[in-house]
Amino acid sequence: MGYFDVAVVDPNLNESFSSAYRKAAIPAVKGQLQFNADFEGGNLGSVKPLSEFEYELSIRGDTGAPKYRLWFHFKVSNCKAGQRVLFSIINFSKQRSLFRDGMAPLVSSSSRPRWERIPAKNTFYYRAPKLNNAYVMSFVFVFDREEDVYGFSYSYPFTYTHQQKLLAELELRQLPYVQRRLLCRSVQQRRVDMLLVTDPATNRHRRKKCVIVCSRIHPGETPASHCMAGFLNYITSNRPEVVELRKSLLFVVVPMLNPDGTFLGNYRCDSLGTDLNRSWASPDPLTEPTLMATKDMMQWYHNKNEVDVDFVFDMHAHSTASTGFFLCNPPLDKTAAAGYERVSVFPRLLAEKSTDFSIGSCKFCDDPSKLGSGRRALGAVMPKSMCYTLELSFFPSAGDSSAPPTTDEGYMKFGEQFGQTIAEYYRIKKTSNVTNNGGNKPPPTDPRP
Numbered sequence: 004m005g006y007f008d009v010a011v012v013d014p015n016l017n018e019s020f021s022s023a024y025r026k027a028a029i030p031a032v033k034g035q036l037q038f039n040a041d042f043e044g045g046n047l048g049s050v051k052p053l054s055e056f057e058y059e060l061s062i063r064g065d066t067g068a069p070k071y072r073l074w075f076h077f078k079v080s081n082c083k084a085g086q087r088v089l090f091s092i093i094n095f096s097k098q099r100s101l102f103r104d105g106m107a108p109l110v111s112s113s114s115r116p117r118w119e120r121i122p123a124k125n126t127f128y129y130r131a132p133k134l135n136n137a138y139v140m141s142f143v144f145v146f147d148r149e150e151d152v153y154g155f156s157y158s159y160p161f162t163y164t165h166q167q168k169l170l171a172e173l174e175l176r177q178l179p180y181v182q183r184r185l186l187c188r189s190v191q192q193r194r195v196d197m198l199l200v201t202d203p204a205t206n207r208h209r210r211k212k213c214v215i216v217c218s219r220i221h222p223g224e225t226p227a228s229h230c231m232a233g234f235l236n237y238i239t240s241n242r243p244e245v246v247e248l249r250k251s252l253l254f255v256v257v258p259m260l261n262p263d264g265t266f267l268g269n270y271r272c273d274s275l276g277t278d279l280n281r282s283w284a285s286p287d288p289l290t291e292p293t294l295m296a297t298k299d300m301m302q303w304y305h306n307k308n309e310v311d312v313d314f315v316f317d318m319h320a321h322s323t324a325s326t327g328f329f330l331c332n333p334p335l336d337k338t339a340a341a342g343y344e345r346v347s348v349f350p351r352l353l354a355e356k357s358t359d360f361s362i363g364s365c366k367f368c369d370d371p372s373k374l375g376s377g378r379r380a381l382g383a384v385m386p387k388s389m390c391y392t393l394e395l396s397f398f399p400s401a402g403d404s405s406a407p408p409t410t411d412e413g414y415m416k417f418g419e420q421f422g423q424t425i426a427e428y429y430r431i432k433k434t435s436n437v438t439n440n441g442g443n444k445p446p447p448t449d450p451r452p
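For the numbering used here, add 3 to where a residue sits in the sequence shown, where the first one is 1.
This is the structure we're talking about:
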């Protein structure tokens, strides 16, 4: 019997669960489910049995900011084979959700560690009159192996430890064009790493273009880290176009901006309850050291004579959008068409590469409430650079039954396509420069005195 087969239920549940219940001893009665979120990235606040086959669950709010409740990741053990249970999560902080458009939670187990999406037909998103019309997400699940520990998650997990493992493996390869540096440490003393990817043999011979990419300032937006992993695989590969690109381009990458919030299983905030993506304008060196160090580093490269920082990309994931898109800064001169055209080139190229990205969903955004975001704050102090917020969908093509939902591998593929788009952008730009200069002829002399 598999995960999603229908079975007769007899869990024989009698005992109630307190809000602090996480690691109780194994009960005498098989089928009395045991819940655990006491692991890296875990999140579950309370569990309440309503009947033999129904559990009411609450998400733990972010550390120091309980109003943020979306990410969940918990484990269940001590099940009976064939036990069919209805789980209901009752306290999401957002009303709009992709759950009403076909998204469903993910499940894995100790014997089948690969995450699978629970069928949409077994998932329900609705207003509950008994809970003051609050939105509830319920899903039905059949446990099929008594010895397994099962995991349930909002999206594909990606922990701080996993990020460190990937960076260590990359460092052990001792690639001459990759440097791993400690940018700073977080409030809870976790590493914030920076990668420099470029061909060192060409550093002294030419002025290089620079692309800065960062990710995971919001801990629960795990698709951004899977995308980042695919992007790093691409720019550190030996593909001919990448080898050529590294000769003229410097990649500066900060893979995880909020390691504390990620470790704690928060959705949006760090360990002090701060939404770091609203603090870029004036970060505090004591309470927001990751932002301070990252912003100083970016400005240093922006002001450095040896490089031109063309792009700054900040990777996120969006909980209601059905496709990927960019938030873009409007040009300084909002009446000049050339400024909009310059910023629109890269999004158009990316839309040609990926079906999970829509140029029609991209927005020029100067919302005053987002002045503290990375895109707005960095754009203000780095006027020569184009700064973007990349938003991935937690469930691309939501509502389109012909489009398969993106997996963790799908997000990695998008990261690769993102890297390919950067290569294509500079290939086109190089071709355009050669054409404008008359083939291999030198550029015309500036007639001004």
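Glycine is no exception: its CB is placed at the ideal position from the N, C-alpha and C atoms.
Mind checking whether I362 and P371 have CB atoms under 8 Å apart? no
Considering only DSSP beta bridges, list what D104 is partnered with. Paired residue(s): none; D104 is not in a bridge.
Short of 8 Å in beta carbon distance, which residues of its chain neighbour R117, apart from the five on each side in sequence? Order them along the chain. S111
Are K298 and L330 closer than 8 Å when you measure CB to CB? no
Which ranges does the alpha helix (DSSP H) cover as unbroken runs of at least 4 residues, wholly within the segment 134–180, from first to last along the chain? 163–175
Have a look at P243, T66 and V216 and flag the residue whose alpha-carbon is nearest the alpha-carbon of L260. V216
Check whether the segment 424–432 and the segment 345–360 touch, using three or more Cβ-Cβ pairs below 8 Å as the test. yes
How many whole angstroms separate the CB atoms of S218 and M318, which I take to be in contact at a CB cut-off of 8 Å? 4 Å
Cα-Cα separation, K212 to Y58: 55 Å
To which residues of the same chain is T265 closer than 7 Å at the C-beta, ignoring the five residues directly before and after it? G44, T162, Y163, R219, P222 and M259
Taking 8 Å as the cut-off, decide whether the C-beta atoms of L199 and Y159 are in contact. no
Given R193, which residues of its chain have a CB within under 7 Å of its CB, disregarding the five upstream and five downstream residues? Y163, P262, D263 and F266
Less than 8 Å separating the beta-carbons of E149 and K250? no
In three-state DSSP terms, what is T326? coil
Whole-Å CB distance - C187 paired with A296, under 8 Å assumed: 4 Å
Measure the C-alpha to C-alpha separation of G327 and R120 and round it to an integer number of angstroms. 20 Å
Exposure label - A320; buried when at least 16 CB within 10 Å: buried
In chain order, each beta strand (DSSP E) run of at least 3 residues that lies wholly inside the segment 46–85: 49–54, 57–61 and 76–80
Our contact map puts T293 next to T277 with C-beta atoms below 8 Å; I'd like the distance itself, whole angstroms only. Not confirmed; about 11 Å, so no contact.
Anticipated Cβ contact below 8 Å, L101 with T323, distance rounded: 6 Å
Could you tell me whether the Cβ atoms of L36 and I93 are closer together than 8 Å? no
Between the Cα of I431 and the Cα atoms of Y138, F77, L248 and P132, which residue gives the shortest distance? L248
Sorted by chain position, which residues of the same chain lie with C-beta nearer than 6 Å to M197's C-beta, five sequence neighbours on each side aside? R184, L186 and V257
Which of helix, strand or coil DSSP assigns to L235: helix
Just tell me which of S228, V214 and D202 has its CA closest to the CA of S240. D202
For C272, the three-state DSSP class (helix, strand or coil): coil
So which of M301, K373 and G48 has the shortest CA-CA distance to V214? M301
For A131, the residue or residues it bridges with in DSSP: A137
With H, G and I counted as helix, E and B as strand and the rest as coil, what does DSSP make of A339? coil
Among the candidates L352, F316, S114 and K70, whose CA atom is the shortest distance from the CA of D147? S114
Label Q453 either buried or exposed according to how many other C-beta atoms from any shown protein chain fall within 10 Å of its C-beta, with 16 as the threshold for buried. Residue numbering for the chain in the displayed model covers 4 to 452; residue 453 lies beyond these limits and cannot be assessed.
L260 (DSSP reduced to helix, strand or coil): coil
Secondary structure at A123, three-state DSSP: helix, strand or coil? helix
Measuring CA to CA, which of D411, A40 and Y428 is closest to A227? D411
Residues near R25 in its chain [Cβ-Cβ closer than 8 Å; skip 5 each side]: Legend: pLDDT at R25 = 42, less than 50; position of this residue unreliable, value from coordinates given subsequently. Hits under 8 Å: F38, N39, A40, D41 and L47.
For A107, which of V88, C230, D369 and Y128 has the nearest alpha-carbon? Y128
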